[in-house]
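Residues 1319 to 1925, numbered by this note's numbering, are exactly what the sequence shown covers, in order.
Just so you know, even glycine gets a beta-carbon here, dropped at the ideal spot from N, CA and C.
Since the structure is predicted, the reported quantities are computational estimates derived from the model, not experimental observations.
Notes follow the structure.
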Amino acid sequence: MSAARVVRGVGVSPGVACAPALIVRLDLPSIPDRTVPPEQVDTEIRRLRQAVAAVVAGLEELGQRVLQRAGPEEARIFDAQIEMAKDPEFLASVEQLIRNNRLSAESAYEFKALEVRDAWSNATSARLRDRLADVNGIQRRMLLRLTGAADTEMGDVASDEQVIIVARELAPGLTVQLDRDHVVGLVSEEGTRTSHAAILAHSLGIPAVMGAVGALARIPNGAVVLLDGQAGTITVDPTVGELEDVRTQVSRRHRLELELESVADKAAVTPEGRRVMLMGNIDLPEEIEAAVRFGAEGVGLLRTEFLLTGRTSLPTEAEQTEYYRRVALAFRGRPVILRSFDLGGDKFPASFQAPQEANPFLGWRSIRVCLDQPEIFRPQLRAVLRAAADGDVQLMLPLVTRYEEIVETRELLAEEAAALRAAGVRAAAAVPVGVMIETPAAVVVADRLAEVSAFFSIGSNDLTQYTLAVDRGNARLAHRFTPFHPAVVRQLHAVLECGRAAGLPVSICGEMASDPLAVVLLVGLGYDRLSVAPPSIPLVKWVIRTVPEAAARRAADAALAAPTGDAVLNAIRDAVHEHVDLRLLDPAAALPRRAGVATLPPGHAPG
């Protein structure tokens, strides 16, 4: 297969489709800077409010259509968009700009939207960056409305034949308006499997590949393309042999899909009977129900930075309490491990005077910021205590390298608990305080940290980054960033042994726990608590139930003695290949889903 004919991305909605490509360009309209006379300011503000009302009405209509076609969970995507479109704080800032600078409504709106997009673009969390497509979609709708242009997102999609749409970015509004009989596949240069457009494509059964960099330049409009939404590939002008190979892969994946369905309601237990607790990682509120639906036995990592992102003021104690309590109630007594604000690096709230640092990821961040800025940390501690009155809420501290950081946090927590009690506020008397192990320093002093910790949870991304001195965001070094490096594997073993000696629960909440091959290694090392993105739960559970623990232990023993990362991976593959079709355990592939497995159109059948 010629590499020049293949464009690679991330498979976000499984299934195979073969059809001519239709290039769709949904760019933001060009808005010239325009000021208005003082007497027209009120008119501009009135135009802004009318446009908001119209856009909200349009989103409500889309939500109803999604409710009928996909379900209530998918429809709530548009609830979130409506809240974004109506955000009073943002709209007040736009109106202020119109009054103070006498800008036209569209000029002021574009200016403020650009600020939000910049803030979200710099978020470290991939989930928050995913929401950029929602921001862009709302901005586009608003600007089209304010300028009087057509308010459809369908652009020039007018062909009668089946097509595969290729675009720079797919907004949820576009995805839901597509005719499934007409549009049989989606390709975008931006977006990931957790973007709202990807979620909708998956729910609607449309095969899709996102993050396909260079697709617009390499796929000619009208060229026949073969899209594999599982492997994340788009092949231009496929051969008969390539079509036949894809048919074989579809058959294999379909069998795996049926097996995943068969274990959906079962526990994660190894064939020998050892129980593994599977929890969910939650970035955003809309992921709570998904985690419950996929069977998460609690929350192993509740990120809290979304409460700060894009805001011009800090969240109040009441806002935080409401959110933490909501999560606690959703899991009904099961553990919810909340990570304190992981600020710093490249993520600070807009209201915060972030320092300029030469190396921010080794600078003032995470627990260091919280302890230095009690006006941020104390309200969060109070909110945690108040939410813990209604559930098993636990507090996890990121980037801990010093024993004193835990002790100081516990002292602050005790002070706030006493203050709440004195004020007669309903709250827990205390909450368990654990540590996120994500630096070699924390690994080395884990025995001391265990003396003042209730649990350990390993953040495998940062532990790998700091151990190997490899920036995980550096594309040039991507091949060097691997949690299968022997130095990382040995630290995973050491932390687990240390936690066991101290009687502490030890879990993994980093992305490593979602990699099926890594799951085999972790089970073999002895881990019995994993926390993963909710959609990954079925496959991780299937791996745990399928691969014998004895084989996993052999893999772990070999990995601990291996000299290289490749040797670690080969040890895992050698141990499990008799039990699992390794071609199915591709961590970059989306989970199979029966409704999404499409057949090739007859006109493109081989032979």
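Helix, strand or coil at residue i [DSSP, three-state]
i     : result
D1279 : Residue 1279 lies beyond the stretch modelled for the chain, which goes from 1319 to 1925, so this question has no answer here.
D1546 : strand
S1331 : strand
I1826 : strand
T1551 : strand
Q1712 : strand
A1393 : helix
R1871 : helix
V1718 : coil
A1582 : coil
T1757 : coil
V1617 : strand
F1429 : helix
R1683 : coil
L1366 : helix
L1488 : coil
F1695 : helix
F1773 : coil
V1929 : Nothing can be reported for residue 1929, as the shown portion of the chain is limited to 1319 through 1925.
G1503 : strand
Extent of the continuous beta strand (DSSP E) run through residue i
i     : result
I1456 : It is not in any beta strand (DSSP E) - I1456 instead sits in the alpha helix (DSSP H) that spans L1450 to T1465.
P1338 : V1334 to V1342
R1657 : V1654 to R1657
F1649 : Element bounds for F1649: not the beta strand (DSSP E) but the alpha helix (DSSP H), E1635 to F1649.
A1526 : A1526 to M1528
R1326 : V1324 to R1326
N1599 : M1595 to I1600
G1842 : That residue, G1842, is in no beta strand (DSSP E); its alpha helix (DSSP H) goes P1834 to L1843.
Beta-carbon contacts of residue i that lie in its chain and below 6 angstroms, excluding the five residues immediately before and after
i     : result
V1484 : A1339, I1341, V1505, A1533 and I1537
T1551 : V1324 and R1326
L1902 : L1574
G1914 : Model confidence at G1914 stands at a pLDDT of 37, short of 50, so the residue's coordinates are unreliable; what they give is reported in the following sentence. Closer than 6 angstroms at Cβ, skipping near neighbours: S1331, P1332, G1333 and G1523.
A1820 : A1768
A1337 : Q1480, V1481, I1482 and V1502
Candidates the options, of which the one nearest residue i by Cα
i     : options                       : result
G1529 : L1574, R1326, V1412 and S1631 : R1326
V1894 : G1376, Q1691, A1873 and D1884 : A1873
M1460 : L1346, H1500, A1876 and R1570 : L1346
S1348 : P1332, S1425 and A1375        : S1425
D1690 : P1678, V1654, T1727 and T1719 : T1727
L1857 : L1462, A1586 and V1531        : A1586
R2011 : E1378, P1406 and L1385        : This structure gives no information on residue 2011, because the portion of the chain shown stretches from 1319 to 1925.
A1868 : D1892, R1818, Q1382 and R1798 : D1892
P1692 : L1848, G1817 and L1632        : L1632
D1499 : I1826, A1335, P1853 and R1592 : A1335
L1786 : V1806, A1772 and Q1457        : V1806
T1634 : L1699, L1656, R1571 and T1588 : L1699
N1779 : I1755, I1890 and V1558        : I1755
A1371 : L1843, R1871, G1559 and I1400 : I1400
P1350 : E1357, L1421 and L1344        : L1421
V1558 : Q1783, L1544 and Q1548        : L1544
A1487 : H1514, G1466, T1465 and L1464 : Here residue 1487 turns out to be Glu, not Ala, going by the sequence shown. Per the Cα distances, H1514.
A1748 : E1579, P1834, L1730 and G1455 : L1730
L1848 : P1881, L1810 and A1876        : L1810
L1409 : A1398, N1419 and A1423        : A1423
Own chain partners of residue i with C-beta closer than 7 angstroms, once the 5 adjacent residues on each side are dropped
i     : result
R1323 : T1553, V1554 and D1555
Beta-carbon spacing of residue i, residue j below 8 angstroms
i     : j     : result
W1860 : E1577 : yes
A1707 : R1744 : yes
Y1642 : V1711 : yes
S1684 : L1661 : yes
T1639 : R1696 : no
V1850 : H1897 : no
I1724 : S1771 : yes
V1359 : R1417 : yes
V1617 : V1654 : yes
Range of the contiguous alpha helix (DSSP H) that encloses residue i
i     : result
A1516 : H1514 to L1522
I1855 : I1855 to T1864
F1408 : P1406 to N1419
R1352 : Careful: R1352 lies outside any alpha helix (DSSP H) and carries neither H nor E.
V1481 : Looking at the DSSP string, V1481 is not in any alpha helix (DSSP H); the run it does join, the beta strand (DSSP E), is V1481 to A1485.
G1883 : G1883 to V1894
R1808 : P1804 to A1820
V1850 : V1850 -> not in any alpha helix (DSSP H); beta strand (DSSP E) instead, spanning R1847 to V1850.
Any chain C beta carbon closer than 8 angstroms to residue i
i     : result
Q1548 : In the structure shown, chain C cannot be found, because there is only a single protein chain.
Own chain partners of residue i with C-beta closer than 8 angstroms, once the 5 adjacent residues on each side are dropped
i     : result
G1883 : T1800, F1802, H1803 and P1804
R1863 : V1581, K1584, A1586, V1587, T1588 and P1589
R1644 : P1603 and I1606
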